[in-house]
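Number of protein chains: 2
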Amino acid sequence: MKKDNITIQDVARHAGVSMMTVSRVMGKKTNVKETTRRKILAAIEQLQYQPNVAARSLAGSRSYFLGLVYDNPNEAYLSQILMGALHKCTDRGYNLVISSFERAADGSYKIDDALINRAKLDGVIIPPPLCDSPEILRRLTDADIPMVRIAPQTLPDYSAFVRMDDRRAAHEITEFLINLGHRKIGFITGHPDHGASKLRYEGMKKALEDKGIPLRQDYIQQGYFSYKSGADCTENLLELEDPPTAIFASSDDMAAGAISTVHRHGLSVPDDISVVGFDDVPLASAIWPGLTTIRQPIMAMAERAAEFLMYPDPEKEKDNILDYKLIIRESAAPPHTS
Amino acid sequence: MKKDNITIQDVARHAGVSMMTVSRVMGKKTNVKETTRRKILAAIEQLQYQPNVAARSLAGSRSYFLGLVYDNPNEAYLSQILMGALHKCTDRGYNLVISSFERAADGSYKIDDALINRAKLDGVIIPPPLCDSPEILRRLTDADIPMVRIAPQTLPDYSAFVRMDDRRAAHEITEFLINLGHRKIGFITGHPDHGASKLRYEGMKKALEDKGIPLRQDYIQQGYFSYKSGADCTENLLELEDPPTAIFASSDDMAAGAISTVHRHGLSVPDDISVVGFDDVPLASAIWPGLTTIRQPIMAMAERAAEFLMYPDPEKEKDNILDYKLIIRESAAPPHTS
DNA sequence: CTGAAAGCGCTTACAG
DNA sequence: CTGAAAGCGCTTACAG
Chain A
1 MKKDNITIQD VARHAGVSMM TVSRVMGKKT NVKETTRRKI LAAIEQLQYQ PNVAARSLAG
61 SRSYFLGLVY DNPNEAYLSQ ILMGALHKCT DRGYNLVISS FERAADGSYK IDDALINRAK
121 LDGVIIPPPL CDSPEILRRL TDADIPMVRI APQTLPDYSA FVRMDDRRAA HEITEFLINL
181 GHRKIGFITG HPDHGASKLR YEGMKKALED KGIPLRQDYI QQGYFSYKSG ADCTENLLEL
241 EDPPTAIFAS SDDMAAGAIS TVHRHGLSVP DDISVVGFDD VPLASAIWPG LTTIRQPIMA
301 MAERAAEFLM YPDPEKEKDN ILDYKLIIRE SAAPPHTS
Chain B
339 MKKDNITIQD VARHAGVSMM TVSRVMGKKT NVKETTRRKI LAAIEQLQYQ PNVAARSLAG
399 SRSYFLGLVY DNPNEAYLSQ ILMGALHKCT DRGYNLVISS FERAADGSYK IDDALINRAK
459 LDGVIIPPPL CDSPEILRRL TDADIPMVRI APQTLPDYSA FVRMDDRRAA HEITEFLINL
519 GHRKIGFITG HPDHGASKLR YEGMKKALED KGIPLRQDYI QQGYFSYKSG ADCTENLLEL
579 EDPPTAIFAS SDDMAAGAIS TVHRHGLSVP DDISVVGFDD VPLASAIWPG LTTIRQPIMA
639 MAERAAEFLM YPDPEKEKDN ILDYKLIIRE SAAPPHTS
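As given, the protein sequences belong to chains A and B, one line each in that order.
First residue of the first sequence: 1, per the working numbering; consecutive thereafter.
First residue of the second sequence: 339, per the working numbering; consecutive thereafter.
Structure (structure tokens):
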């Protein structure tokens, strides 16, 4: 392809300054007079200037490469992360290098030296579950590569992280059920190894407390985030003498399993029993009835993470909490008035 | 990060030649004496030389950028495409620019000029449904940007494409059902607008013919690739006087809907009725019973597409057909012997 | 706050 | 078949 593109020289000429000053504006340096900056910004806008990534990378001390490592059990989740990071990178003239890590039999990860040595990454984004691997964190720290972790379980202060408030989200969706009129709410917990499971449980518990509704132990079932576990737990719930009128499964996969079990019992969702989930995976809107659930801001988390790495600033907050959203579909309704 | 890496100069010095000759070897040019080439190759190997992407891109006539455009109806599908393309690009020192297109109200797409003008792409990968948009194809053709289409419905010969054999795959999974002992096989067609729907139908029909099993019109139901449509079609199938013993839904989403309906009727999958799908989306292994289905080589298709763009060669076949795979899980079994 | 010079690591186009 | 020169579009380091 021909290279008849607008260069930094064109912008400089247009704005009546030197190339150097344009470079400073592009790099968000502060030592440029405000009026000059505005003139340059106008020229950039008018010419639709886009810096040449290759030249930037070649000349500069940064590589304009960001890394994304993953070991992903969950495709939908990774896809969101990927899209978020990639979009931000493309927008900002960065490149994304993705690299997968295999978990060894002993549960540890071996690190790809190539990634660390050759790529000269400006930073790396680490989604779960890798973000909680001590080897990975130490290796990157040793190599002096900045990192941002996404939704980590533990929050040590040596790296930045982006997350959402699982506790508050679980509180909100429980409250939603209560406001619908439900008092008998079954809860299916997530995998005990995941930090979020505990937070979601706590949020649900707090919502009950706040409304003065007692927590019944027989309404709490231990799930593992899978469809099957959601189906099994629901089986248990429906066999109770006084079964719940609503079920809050702490993942969509489990909620989908719950719905299938309710149907198998010849009952209707939401007419007989309401079911809500958590995550808003594609499945949530694919099945019928559509799942009322919490949408995690996964893509936004990746975007924020990438941005954090692009503009290093020691003043920046290390803890970035993003907003979730309650998605109301058809799987929850007021309880049967019997 | 510091740039203390091995450069082409180091290799040249090591091999006792000029930088230029090394460059020729790297670029796979043929005009280099065999002994010289070997000396250089040895030096490259010994020094672990990796060309600097940025320098290459800046100096050369190629950009080492590939584009991936999408309009995303299906996250799981796109995610696979993305992973395949990204892996290949990362491996080969290429960069990937992704860009989404919004469909206008009239069904047409407006093209992002920025993508075409600024990025200087060496080529673009076009997955469905964009690969069948005349505007996009014409725009890219006009801009003289090479492209590879993935699984297009129509196969005009002005661009290369990568696909799988939907007809043969449908034939194979139908045969699988027949070999299990099924003679009464219901079929749920895909969305009439998708080219693959027809191919899958034809494959199923052919398999029946090959085994001398008559095609019953009441066993054919028109679906739309959605969970809901799969559930509804199955409702119709189960209401027949002589219902099928197996159902082949031409997408996994529809197969999942089919299973839910079978369960709602108090029947078991696969003991009472077998159900098979097509696609192998994440849902297929999430639900219970796991879906027997056809795995499309989506990631491999994207890899092949990227590779095609990296090594232009007029001799190359334009039609790249990749292998699918029959994935056997728990949703199909021999029919009830009654 | 702004600019002139040098150079990042390659490939192109030309010369032999 | 091989090489010396020029330059891709930026940023760094230095000077004012």
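Positions of the beta carbon are idealized from the N, C-alpha and C atoms, including for glycine.
Just so it is clear, the structure is predicted and the values come from calculations on it, not from any experiment.
CA-to-CA distance, residue j to residue i, given in whole angstroms
i, j, result
"residue 164 of chain A", "residue 645 of chain B", "39 Å"
"residue 430 of chain B", "residue 121 of chain A", "17 Å"
"residue 592 of chain B", "residue 146 of chain A", "45 Å"
"residue 24 of chain A", "residue 319 of chain A", "29 Å"
"residue 403 of chain B", "residue 213 of chain A", "59 Å"
"residue 16 of chain A", "residue 35 of chain A", "12 Å"
"residue 606 of chain B", "residue 75 of chain A", "29 Å"
"residue 364 of chain B", "residue 379 of chain B", "9 Å"
"residue 425 of chain B", "residue 574 of chain B", "44 Å"
"residue 579 of chain B", "residue 405 of chain B", "53 Å"
"residue 635 of chain B", "residue 54 of chain A", "33 Å"
"residue 341 of chain B", "residue 400 of chain B", "Model confidence at residue 341 of chain B stands at a pLDDT of 40, short of 50, so the residue's coordinates are unreliable; what they give is reported in the following sentence. Residue 341 of chain B and residue 400 of chain B: Cα-Cα distance of roughly 23 Å."
"residue 37 of chain A", "residue 47 of chain A", "15 Å"
"residue 311 of chain A", "residue 123 of chain A", "11 Å"
"residue 168 of chain A", "residue 203 of chain A", "6 Å"
"residue 367 of chain B", "residue 491 of chain B", "37 Å"
"residue 303 of chain A", "residue 604 of chain B", "46 Å"
"residue 263 of chain A", "residue 309 of chain A", "48 Å"
"residue 566 of chain B", "residue 395 of chain B", "49 Å"
"residue 618 of chain B", "residue 295 of chain A", "24 Å"
"residue 313 of chain A", "residue 162 of chain A", "16 Å"
"residue 555 of chain B", "residue 577 of chain B", "15 Å"
"residue 301 of chain A", "residue 49 of chain A", "28 Å"
"residue 398 of chain B", "residue 324 of chain A", "46 Å"
"residue 480 of chain B", "residue 348 of chain B", "42 Å"
C-beta contact flag for residue i and residue j at 8 Å
i, j, result
"residue 438 of chain B", "residue 415 of chain B", "no"
"residue 488 of chain B", "residue 467 of chain B", "no"
"residue 282 of chain A", "residue 330 of chain A", "no"
"residue 232 of chain A", "residue 291 of chain A", "no"
"residue 562 of chain B", "residue 524 of chain B", "no"
"residue 277 of chain A", "residue 284 of chain A", "yes"
"residue 612 of chain B", "residue 520 of chain B", "yes"
"residue 95 of chain A", "residue 433 of chain B", "yes"
"residue 435 of chain B", "residue 643 of chain B", "no"
"residue 659 of chain B", "residue 631 of chain B", "no"
"residue 559 of chain B", "residue 526 of chain B", "yes"
"residue 463 of chain B", "residue 423 of chain B", "yes"
"residue 256 of chain A", "residue 247 of chain A", "no"
Bridge partners - residue i, DSSP secondary structure assignment
i, result
"residue 403 of chain B", "B/433"
"residue 663 of chain B", "B/633"
"residue 617 of chain B", "B/633"
"residue 438 of chain B", "B/408"
"residue 657 of chain B", "B/499"
"residue 249 of chain A", "A/188"
"residue 274 of chain A", "A/246"
"residue 447 of chain B", "B/441"
"residue 220 of chain A", "A/187"
Residues of its chain near residue i, where Cβ-Cβ distance is below 7 Å and the 5 sequence neighbours each way are ignored
i, result
"residue 215 of chain A", "205, 208"
"residue 356 of chain B", "350"
"residue 528 of chain B", "534, 535, 538, 561, 563, 588, 589"
"residue 581 of chain B", "575"
"residue 370 of chain B", "359, 362, 363"
Cutoff 6 Å; reference residue i; Cβ partners in own chain excluding five residues on either side
i, result
"residue 549 of chain B", "516"
"residue 346 of chain B", "357, 360"
"residue 166 of chain A", "196, 199, 200"
"residue 299 of chain A", "80, 83, 84"
"residue 599 of chain B", "569, 572, 573"
"residue 184 of chain A", "244, 245"
Cβ shell of residue i (< 8 Å), same chain only, five flanking positions each side left out
i, result
"residue 336 of chain A", "245, 271, 272"
"residue 447 of chain B", "409, 439, 440, 441, 468, 471, 473, 474"
"residue 671 of chain B", "518, 608, 609, 612"
"residue 352 of chain B", "381, 384, 385"
Contained alpha helix (DSSP H) runs [length at least 4] in the stretch 455–543 of chain B, N- to C-terminal order | 472–480, 504–518
Considering only residues of the stretch 369–400 of chain B, which uninterrupted alpha helix (DSSP H) runs meet the minimum length of 4 residues and lie entirely inside it, listed in chain order?
-> 372–385, 391–397
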